[in-house]
Structure formats: C-alpha cells, structure tokens
DNA sequence: CTTACATGAAAGTAATACTATCAACGGCAA
DNA sequence: TTGCCGTTGATAGTATTACTTTCATGTAAG
C-alpha cells in the first residue's frame, strides 16, 4: 500500500516506533494537525487523544512526553529534507548550482510532495518554523544532544556544509554559514507572516524574496570583496 | 542612590511597573538568576516566590504570567542593547565603522557593564540566547504584536538597518539582514556551547570567531561579487 | 487453544497556573 | 490622633497539566 520511502530517526526519541502501527501513524498525522492549530504550548496528549478517539495512556506508550514528540516530528522533517536534497542534487556536478538548488528546496520546502503521503506537509513545515528551535533551546540540551536527539539536524547541516567546502575550500565557517542560512530560511518566513518589519519581503512573493536574500547572503559570504 | 539609566519597555508587558518598588526590582533580579539556572520551562512563580521569601500572589500582581515576564526581560535587554549601541556609535561618522562597532557590541554584549547595576548581565544574556525567541514563537504572536510587545526588538533592528541603508542604499534586504545577524549572533554562541558541530568556532576564541563570521556575512552581503 | 501484546477505560497523583479573600502594616492626610 | 489607602503576606481554592497505574478486553501469532 504505502510505497512512500521510510524516514528513520533516532530511536531514542520514541518509546515505541509510531511508524509500525496504525495508531502510531494516526498519532503522528493528527499531532501535526493539532500542534499546527493550537501551538505546542496548548497542545496536550489529552486533547490529542480526544481528537483521535483514543486515550492518553495509549499515546504515552509511544512518546515520553510532548517534547519528545516534537523532537520526533522535526527530526523526521530534517531527514525528509535531506532526502529531498540528495534526490534533487545527486547528479548535479557544479557545487554552485547544487547550492542554489538546495537553497530553493530550503525556501519552498512546505509544498506538498507526492512521495510522502498521509502527512500534512504544509502543517509540518509551519510547526518546524514555529517550534523546531524549542527542541534544542532547553535546559537539557546537553543530555539530549548526548543521546543523539539532534543528529538529523546535524547531518543536514553537515551535508550542505560539504557542498560549501567543495565550492570554497578556503572559507572558514561553512557550518556556521549553513546553520545560519537554514535557521534564517525559517525565521524570515515567520517574520514575513507575523512581524513584517523585521524583514523586507513583498507579500505576494515572500518565498522568492527570501530565496534572493539568502542567495546574496550565502554567495556574498563565500566571495568576499577584495580586502583593499 | 541608583544613578543607572532608566530603561523603559512597553507598559503592557506588566501589570505594575517592577522598577517602581523594592519587591518589583527583587522580582526582576531574582527571576533572571532563577530562569538562568533552571530554564524557562521549569521556572514557576511559586519557586521564585519561595526563593525571594515572598508569595505567589504578590508576584502575580506584577506580571500576568511567566511569558509576560520573559517578554519584559528580553525587551529590557533589547532596549539596553540599543542604548549601548547609541552610546558607543553616536559620534562615529563612517557607517562601515559604526556597523563594525555594532557587531562588536552584539557579539560580546554579555560582559558586565558598569552603567547598569543590580542585574546579572551575564545571566540575562544567557536567557536572551536561550529563551528570547520563545517570546514571539507562539500561537499568539499576532495579538502580542498588535499589543506592541515586540517593539523594542523592532526598534533595535530598525536602528541598525538604518546604518546598513546609509552604507549601501541599494541593498534590498536591510531588515532581513539585520534580524538574521542579530539572531545568528545568539544562535552561534548557543551552538558553540552546546552543539559545536553546527558552528566553526575555536573554543578559546568563540566570540572573536562569531564576530569574524558575522562580519564576513554582513559585508559580503552588502558588497556582492560582480555579476559576471 | 492459549499466549502475548496492544489498546481502552478508569482512576489517581503531584505539580502548575492561576484567582480570591482577608488580615496586617506603613504612610499620609485631616 | 484617627482614619483611610495601598502594598504585601498568608491561606485556601480551582481547573488543568503531565503524567502513572491497574485491569479488562480484543486480536494476531504460535
């Protein structure tokens, strides 16, 4: 039935793999919609259970708490994005061209994609934009990091940073540059929607504006003005 | 007694101005320390009251909830930073030089400063780094924005963007560039401390590395390579 | 057939996020 | 001095959150 590719995330994010059961898959699909609707702070397993016609206890068998569920969702997204990037750039020889393709994917990653179904991609992307940084901006970062909960994000940054290194081997900050660009892609979209004075996008071409802004940022950093 | 400058923030952030009473000032000072220690999620007014030898009810007379308190603290920080920037750049004619000074302030803003006392600046800066984006990454952004709760941040970005515009009037994304740089200054510091594979800083010169990275980013964007 | 296991149902606990009431104190005004 | 106001403290109370526990039931696999 489901021919969609299987995205794997760190198993320490869940107690039981939600991909393996019908209830688990519904949990994921419905939680994406509910978190998108009411926000992470208002989201509870009780509300999710009610909406799914299931029970709190059942859901707690999949995830320790909602924070881990968030970690799962965003990790899943990073892994999916990484797959998208590999897929769309695997036979592009020029690093500069590959980098531009990646930037395009980063800035319009919320469009629905036929390979993965059952999931509201647009809602998931809104969750990534609004909530993903809360996965690591906690007092427990170091333990969570030790447990490998952020590795999908690290892999993504490392993959893209490698393209930067190929293009500009002398550039000293490839990881910082890419983590900045990835975060900015989300933040600028959020600002465009909610705090427009923090950005400079035209309302009817937000994504293109963000793309152009980030392209200038990225390639500007890699080809600096001659030190006079 | 207190000769320190008075930082004003949007009065809708609080129910009663905490600067005006002894209890209010203790509230601020102690909450900075406690949030820094245990993180925003674990922080409650009950714990703060216990630590201050006061009561929950008294503290709720100053702030509606801990989210507003966070908003107050980070707004205070942005206002303070803006003052620092004005103070240190007010008689520097060259926009490029002013921009570099601002970048320096942004990347070492957590050093203690003699003009403001009573407050643990280093702890406040750690709070800004870890928690500030949670002030606006909520489901209620739009209402909070309507109420003007983010105006200090907007003012700061607008101020710096004006310098960018002076330096490069043709550049199309001054606000996006500055909001990106301001956020990156914090994020890269957080990454350096907790998720070092997302950055490229040497452990003994983190701030300098971040400064150099951001300088390249900022001026690279403003002086793009000639379109061949 | 029975066993293992996933789920549902129900209840319970500790903590959180508040709100309400009232008494005590201190300052100031008549 | 008396009387009032406003701030704080003390106590209690409520609804919700974030879980955990126990047990019954249905179902799928051996």
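Protein chains in written order, with UniProt numbering: chain G, 1 to 228; chain U, 1 to 228. For glycine and all other residues, C-beta sits at the position ideal for the given N, C-alpha and C. Source: prediction; values computed, not measured.
Assign residue i to buried or exposed, taking buried as 16 or more other Cβ atoms, counted over all protein chains shown, within 10 Å of its Cβ.
i, result
"residue 8 of chain G", "exposed"
"residue 87 of chain G", "exposed"
"residue 228 of chain U", "With a pLDDT of 48 at residue 228 of chain U, under the threshold of 50, the modelled position of that residue is not reliable, and no figure is offered here."
"residue 209 of chain U", "buried"
"residue 262 of chain G", "Residue 262 of chain G is absent from the structure shown; chain G starts at 1 and stops at 228."
"residue 131 of chain G", "buried"
"residue 126 of chain U", "buried"
"residue 55 of chain G", "exposed"
"residue 60 of chain U", "exposed"
"residue 21 of chain G", "exposed"
"residue 169 of chain U", "exposed"
"residue 46 of chain U", "exposed"
"residue 82 of chain U", "buried"
"residue 106 of chain G", "buried"
"residue 85 of chain U", "buried"
"residue 79 of chain U", "buried"
"residue 1 of chain G", "Confidence in residue 1 of chain G is poor, its pLDDT being 38 and thus under 50, which makes the residue's placement too unreliable to answer from."
"residue 15 of chain G", "exposed"
"residue 3 of chain G", "Any reading at residue 3 of chain G needs caution, since the residue's pLDDT is 42, under 50, leaving its predicted position unreliable; the model's value is listed next. Exposed."
"residue 192 of chain U", "buried"
"residue 160 of chain U", "buried"
Give me the residue from the options with the minimum Cα distance to residue i.
i, options, result
"residue 51 of chain U", "U/195, U/89, U/31", "U/31"
"residue 140 of chain G", "U/28, U/190, U/6", "U/190"
"residue 12 of chain G", "G/188, G/198, G/197, G/62", "G/62"
"residue 183 of chain U", "U/128, U/148, U/143, U/120", "U/128"
"residue 167 of chain U", "U/152, U/97, U/108", "U/97"
"residue 18 of chain G", "G/43, G/58, G/160, G/159", "G/58"
"residue 76 of chain G", "G/207, G/53, G/5, G/43", "G/5"
"residue 212 of chain U", "U/143, U/108, U/124, U/122", "U/108"
"residue 41 of chain G", "U/53, U/67, U/178", "U/67"
"residue 29 of chain G", "G/122, G/64, G/165, G/142", "G/122"
"residue 179 of chain U", "U/206, U/150, U/39", "U/150"
"residue 53 of chain U", "U/124, U/27, U/120", "U/27"
"residue 124 of chain G", "G/72, G/64, G/171, G/65", "G/72"
Checking 8 angstroms against the spacing of the C-beta atoms, do residue i and residue j come in under that value?
i, j, result
"residue 103 of chain U", "residue 89 of chain U", "no"
"residue 181 of chain U", "residue 217 of chain U", "yes"
"residue 135 of chain U", "residue 74 of chain U", "yes"
"residue 133 of chain U", "residue 154 of chain G", "no"
"residue 173 of chain U", "residue 200 of chain G", "yes"
"residue 99 of chain G", "residue 157 of chain G", "no"
"residue 247 of chain G", "residue 188 of chain U", "Residue 247 of chain G lies beyond the stretch modelled for chain G, which goes from 1 to 228, so this question has no answer here."
"residue 195 of chain G", "residue 145 of chain U", "yes"
"residue 10 of chain U", "residue 148 of chain U", "yes"
"residue 185 of chain U", "residue 222 of chain U", "no"
"residue 25 of chain G", "residue 152 of chain G", "no"
If residue i and residue j are in contact, beta carbons under 8 angstroms, what's the gap, nearest whole angstrom?
i, j, result
"residue 48 of chain G", "residue 34 of chain G", "6 angstroms"
Any heavy atom of the ligand SAM closer than 7 angstroms to the CB of residue i?
i, result
"residue 180 of chain G", "Within the structure as shown, the ligand SAM is missing, as the structure has no ligands at all."
Chain G contacts from the segment 198 to 212 of chain U (Cβ-Cβ distance under 9 angstroms): Within the segment 198 to 212 of chain U, the residues whose Cβ lies closer than 9 angstroms to any Cβ of chain G are, in chain order, 198, 199, 200, 201, 209, 210, 212.
Give, in chain order, every residue of the segment 33 to 45 of chain G whose Cβ lies closer than 7 angstroms to some Cβ of chain U. 38, 39, 41, 42
Residues in the segment 134 to 148 of chain U having any Cβ partner in chain G nearer than 9 angstroms: 134, 136, 137, 138, 139, 140, 141, 142, 145
Anything in the segment 171 to 188 of chain G with a Cβ closer than 8 angstroms to a Cβ of chain U? List those residues in chain order, please. Taking 8 angstroms as the upper bound on Cβ-Cβ separation, chain U lies near residues 172, 173, 174, 175, 176, 177, 179, 180, 183, 184, 187, 188 of the segment 171 to 188 of chain G.
Please identify, using Cβ separations under 9 angstroms, the residues of the segment 119 to 134 of chain U that lie next to chain G, in order along the chain. 129, 130, 131, 133, 134
Using a Cβ cut-off of 7 angstroms, which residues of the segment 4 to 31 of chain G contact any Cβ in chain U, in chain order? none
To be precise: take each residue of the UniProt DNA-binding region "H-T-H motif" (44 to 63) of chain G, compare its Cβ to all Cβ atoms of chain U, and keep it if any distance is under 7 angstroms. Which residues remain? none
Looking at chain U, which residues of the segment 157 to 169 of chain G have a Cβ within less than 9 angstroms of any of its Cβ atoms? 157, 158, 161
Which residues, taken in chain order from the segment 75 to 95 of chain U, show a beta carbon closer than 8 angstroms to some beta carbon of chain G? none
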